[in-house]
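In this note's numbering, the protein residues as written are 5 to 259. As structure tokens, the structure follows; a few thoughts come after it.
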């Protein structure tokens, strides 16, 4: 607006008079500016539309990676479990007169039902045909929802009704087998839990921790403020490895 006044003919004509008199007035014609207000040119200004959909963050899922896989067409999986082993092995002579000691093994049949995890979103064919990208987006979100529910079921499924019998549900309760620890910490409890697994003749080569607990362990310090926990980390900052005796996950192909 100031530039419009300074460049006007009226200002040039009256400049000398204003300098001598020190006071005066003149009129400068200014046409109405085009704005985004109603009745202006606002309807012609279109916002920039970014393609795609902003997707919420998704949880990193990993329980399935700890398991073996099998496939079935049935609604249940049966398996044989060893329930007892009487080990009578002993040192004997070359040809013992009383015979060699006899050992014994007992078994039982067990089974687990195959669970179905499903959900759907209502969308008309017209909507999906008008927005081809929308179908792919919905498919992706539905698959993520299935994986998220599967993760929860595999870890903490109750085994009641239609629910999967989860790893946590079947696990033995934490119990210190007799290790004397002063000022017990989460690191101590984690190590004792690994010992508990080892005393049961298994190998604790896979650990599942709440990220809050893992952060608390990593930030544990000694009395001088030095971090206690240290572990080599591979690329992406995630420890990795292979489980020696992982459970099996059986998948049923659906039509």
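Yeah, the Cβ is synthetic: ideal placement off N, Cα and C, and Gly gets one too. Keep in mind the model is a prediction, meaning the values are calculated, not measured.
Check, Outcome
"Neighbour-count burial assignment, residue 67, 16 or more Cβ in a 10 Å radius", "buried"
"Range of the contiguous beta strand (DSSP E) that encloses residue 131", "Unbroken run through residue 131 is the alpha helix (DSSP H), 129 to 134; no beta strand (DSSP E)."
"4-residue-minimum alpha helix (DSSP H) runs that sit fully inside the region 82 to 135, ordered along the chain", "129 to 134"
"Residues that residue 75 bridges to, as DSSP identifies them", "255"
"Among 105, 99, 147, the one whose alpha carbon lies nearest that of residue 93", "105"
"Alpha carbon of residue 124 to alpha carbon of residue 146, nearest angstrom", "7 Å"
"Per DSSP, the bridge partner or partners of residue 190", "Its beta-bridge partners do not exist; DSSP assigns none."
"Buried or exposed (CB count within 10 angstroms, at least 16 for buried), residue 255", "exposed"
"Extent of the continuous alpha helix (DSSP H) to which residue 219 belongs", "215 to 222"
"Identity of the residues DSSP links to residue 148 by a beta bridge", "Residue 148 pairs with nothing; no bridge assigned."
"Contact set for residue 267: own chain, Cβ-Cβ below 8 Å, skip 5 residues either direction", "Absent from the structure is residue 267, since the part of the chain shown begins at 5 and ends at 259."
"Expected contact under 8 Å - CB spacing of residue 180 and residue 196 to nearest Å", "5 Å"
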